[in-house]
Amino acid sequence: VVVALPVRNINDSDYVEAVGEAPAGFDCKTRHLAMEYARSIQPFRGKSTFQTMADVLNMPGGLPGGESQCHNVTYDGPDTEFSPQFALPTGVVYFADAEKGSDSNDGSEEHPFATIERALEAVRKAAPAGTGGNIVLRAGVYYLAASISLTPADSNLNIQNYGGEEVWISGAVKLDVEWKSAGNNVYTAEVKNNVSAITGLRINRQRAVRARYPNGCTSNQSLPSGYMCQGFM
């Protein structure tokens, strides 16, 4: 870690620059401060959310070889979960269910759409511009093929979950692959879905380390995905 601190002198005509490797104590204090700040701005979040953040803050990184300078960030708050619940809206309302829905349905509660994009299309057709409409999402992960662009005509649009169910909206591409052994504890798979670059990786919605050679992370600490940088469970 390199820290550059410009310091203005009295005449403000010149400055000095302090450059060096941040000490371990600084790295650790910064990670603890991130947890403290998160809890101060969103105290209503549940234990699982803050625990996930603690796991990420404890991830390897910070020293050569990927070793962590700090691995004791913890959450010691209430053992509660955050599950916001809202009454079902009235007026123009369309439902979506990423797991059981279909975009060929009519978008009703009994026959929901599968995607947010299809529900938004239906709202725009049914509600006059600017008057709003409602999209209710059932539990699941909604993968977006492209960014959703909202305009002034979409003013007063309401998008909410259904009865406190957990909803994820993701810009990732879900990979359904078939793993094949290449020997020496190495597995390969053909990636389809028009993926040209993998800029990040998650396993079961948990952050994971992408394989590379030479290995960029040698830590033996477990990552949020359940895997280690060395590749073992």
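Per our numbering, the sequence shown starts with residue 31, numbered consecutively. We put the CB at the ideal spot given by N, CA and C, even for glycine. Small disclaimer: the values here were computed from a predicted structure and weren't measured.
C-alpha gap between Pro94 and Ala212, whole angstroms: Residue 94 sits at position 64 when you count from the first residue of the sequence shown. Residue 212 sits at position 182 when you count from the first residue of the sequence shown. Caution applies to Pro94, whose pLDDT of 48 falls short of 50 and renders its modelled position unreliable; the model cannot decide the point.
Nearest residue (CA-CA) to Ser70, options Gly107, Cys100, Asp57: Position 40 of the sequence shown, counted from the start, is the residue given in the question as residue 70. If we check each option's Cα against that of Ser70, Gly107 comes out closest.
Whole-Å CB distance - Leu180 paired with Gly162, under 8 Å assumed: Taking the first residue of the sequence shown as position 1, residue 180 is located at position 150. Taking the first residue of the sequence shown as position 1, residue 162 is located at position 132. Contact flag wrong, Cβ pair sits at about 12 Å.
Beta-bridge partners of Ile233, as assigned by DSSP: Within the sequence shown, the letter at position 203 stands for residue 233. Paired residues: Gln236.
Inter-residue CB distance, Val171 and Ala117 (contact presumed, cutoff 8 Å): To locate residue 171, count along the sequence shown from 1; it is residue 141. To locate residue 117, count along the sequence shown from 1; it is residue 87. The distance from the Cβ of Val171 to that of Ala117 is about 24 Å, inconsistent with a contact at the 8 Å cut-off.
Identity of the residues DSSP links to Asn164 by a beta bridge: By 1-based counting over the sequence shown, the position of residue 164 is 134. Bridge partners of Asn164: Val123, Asn188.
Separation of Lys155 from Ser138, as counted between CA atoms: Translated into the one-based positions of the sequence shown, residue 138 becomes position 108. Translated into the one-based positions of the sequence shown, residue 155 becomes position 125. Per the coordinates, the alpha-carbon of Ser138 lies some 15 Å from the alpha-carbon of Lys155.
Distance, Ile178 Cα to Glu147 Cα: The residue you call residue 147 lines up with position 117 of the sequence shown. The residue you call residue 178 lines up with position 148 of the sequence shown. Distance between Glu147 and Ile178, taken at the CA atoms: about 7 Å.
First through last residue of the beta strand (DSSP E) which encompasses Ser211: Taking the sequence shown and counting its residues from 1, one reaches residue 211 at position 181. Run containing Ser211: 210-213, per the beta strand (DSSP E) assignment.
Those residues which DSSP pairs with Tyr217 across a bridge: Counted from its first residue, the sequence shown places residue 217 at position 187. According to DSSP, which records beta bridges pairwise, Tyr217 is partnered with Ser211.
Contact set for Phe112: own chain, Cβ-Cβ below 8 Å, skip 5 residues either direction: Translated into positions along the sequence shown, residue 112 becomes position 82. Around Phe112: Phe74, Arg75, Gly76, Thr79.
DSSP-derived helix/strand/coil call for Phe143: Here residue 143 corresponds to residue number 113 of the sequence shown, with the count starting at 1. DSSP places Phe143 in strand when its eight states are reduced to three.
Proximity of Ser200 and Leu167 at Cβ, strictly below 8 Å: Here residue 200 refers to the residue found at position 170 of the sequence shown. Here residue 167 refers to the residue found at position 137 of the sequence shown. Contact check for Ser200 against Leu167 fails: the beta carbons are separated by 8 Å or more.
Residue interval of the alpha helix (DSSP H) (run including Val197): Numbered from its first residue, the sequence shown carries residue 197 at position 167. For Val197, there is no enclosing alpha helix (DSSP H); the residue is part of the beta strand (DSSP E) that begins and ends at 197-200.
Three-state secondary structure (DSSP) of Val86: To locate residue 86, count along the sequence shown from 1; it is residue 56. Under the three-state reduction of DSSP, Val86 is assigned to helix.
Euclidean distance between Cα positions of Leu87 and Asp136: Taking the sequence shown and counting its residues from 1, the one referred to as residue 87 is at position 57. Taking the sequence shown and counting its residues from 1, the one referred to as residue 136 is at position 106. C-alpha separation (whole angstroms): 44 Å.
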